[in-house]
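K.L.:
Here it is: the structure, laid out below.
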Amino acid sequence: MTEHVDAELDLLIGLNDYERPQDVADRAVQAEELGFDRITTGETTGWNIVPPLTLAADRTDVLGLSNDVVSPYGRSPAMLAQTALTLHDASDGRFRLGIGPSSPAITERWHGAEFDRPLRRTRETIEIIRNVFETGSPAYEGDIFDIPGLDYERDVPDTPPAIDVATLGPKATEMAGRFGDGWAPQLFTADGLRDRLEDLQRGAELADTSKSLDDLRVAPIVRGVASEDRERARDLARSTTAFMLGAYGPYYGDSVAEQGYEDVVSEIRAAWEDRDTDAMAAALPDDVLDDLAPAGTPAEVREWVEAYAAIDGVDAVRVGFVRGVSEEEKVTTMESVTGAL
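Here the sequence shown is numbered in my numbering, starting from 50 and rising by one per residue.
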């Protein structure tokens, strides 16, 4: 093993794993002690991200803080800017805002909004947030938003929070490159990621101030588990990965199908129609699992993450846990990827 993975390491924290927001702060302290560069956490229909990230900011000194990702349908653009600026101040400038187009299920069945023109809404939301960051006002005229504008009640920072965009498809990723400061993809094989980085680069070149991949923080999300019980680790990762491909709406499955695994995704989806999770997992071959998730012994997981981090253009790897892992397995996984073992 090498001493350090050749990229930054982010720890993806699932809020539903904890009893209180304070417990998330405890994990953040642990992550900082182990050498993670950043923690990040998602927001769907559970806790609001702000309290746990605020607590984590207060309990840590150098650890970066991010969210993966907030919906442009769940808060107004101005409120998203306020949220980012609040977490920026709470963390002394260590916060990055994550935003993505979201999904029909969360948009319609939780936020009660119409999932209409998601890419355009995401773009305009980012532009309005930047207006607040730069001028203190959300004033904007667009296809979706028409905002006269008021003034932010505090001074805007000289260096505002960066904005990371979570996308999968080629046009969406081009948008991320054009309007974002970073990209947070998920469920990409190494080859699939390399292909999509070309779309990110094209978007960066379309920006008002031309950028390159060097100007963007590319931080792909991977979910896995390290355990001395190799077969258990493989089974847990296979189950979670198959569920994401077959039951998490169309986007992850469509993306992996386009990366060369259309037959695998079709079989997994057919099993999901019968709600047969065992058959879903059985339909995910070892080679596809190996392409998508770090799962196995600590040495194997470490090696997988090292190889993924070495992909040209990757700046960080966001490591999350698959479902069903024990606390001991979480610690083993964290120690494996940071070289603490």
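Glycine included, each C-beta is placed from N, C-alpha and C at the ideal position.
1. Does the distance from the CB of A56 to the CB of L104 come in under 8 Å?
2. If you run the structure through DSSP and keep just helix, strand and coil, what is L236?
3. Starting from the Cα of S288, find the closest Cα among D325, G309, A211 and R266 and give me that residue.
4. Give me whichever residues DSSP pairs with G345 in a beta bridge.
5. Can G241 and M224 be called in contact, C-beta distance under 8 Å?
6. Look at the alpha carbon of T89 and the alpha carbon of G191, and state the distance between them as a whole number of angstroms.
7. My understanding is that R145 touches G113, with C-beta atoms under 8 Å, so please give their C-beta distance in whole angstroms.
8. Over the uninterrupted alpha helix (DSSP H) stretch that includes A130, give me the two end residues.
9. How is Y301 classed by DSSP in three states: helix, strand or coil?
10. Given a cut-off of 8 Å on the beta-carbon distance, is the pair G295 and D213 in contact?
11. Just to confirm, is the Cβ distance from A275 to V371 under 8 Å?
12. Taking E322 as the reference, give the member of P334, N65 and F292 with the closest Cα.
13. To the nearest angstrom, report how far apart P234 and M329 are at their CA atoms.
14. Can you say whether M128 is buried or exposed, counting buried as having 16 or more other CB atoms within 10 angstroms of its CB?
15. Report yes or no: do three or more beta-carbon pairs, one from the segment 334-348 and one from the segment 58-77, lie closer than 8 Å?
16. Shortest alpha-carbon distance to T135 belongs to which of L102, F164 and A162?
17. W353 to S385, Cα distance in whole Å?
18. Quick one: grab the DSSP three-state call for R372.
19. Taking the alpha helix (DSSP H) that A106 falls in, what are its first and last residues?
20. What are the boundary residues of the alpha helix (DSSP H) that L83 is part of?
P.N.:
Taking the definition as stated:
1. no
2. coil
3. D325
4. DSSP, once it has assigned bridges, lists A275 as partnering G345.
5. no
6. 31 Å
7. Between R145 and G113, the beta carbon gap of about 7 Å places them in contact (Cβ cut-off 8 Å).
8. Note, A130: alpha helix (DSSP H), P126 to A139.
9. helix
10. The beta carbons of G295 and D213 sit no closer together than 8 Å.
11. No, Cβ-Cβ distance for A275 and V371 is not below 8 Å.
12. F292
13. 23 Å
14. Of the residues assessed, M128 falls on the exposed side of the cut-off, its CB having fewer than 16 other CB atoms within 10 angstroms.
15. no
16. L102
17. 11 Å
18. coil
19. V99 to R108
20. P70 to L83
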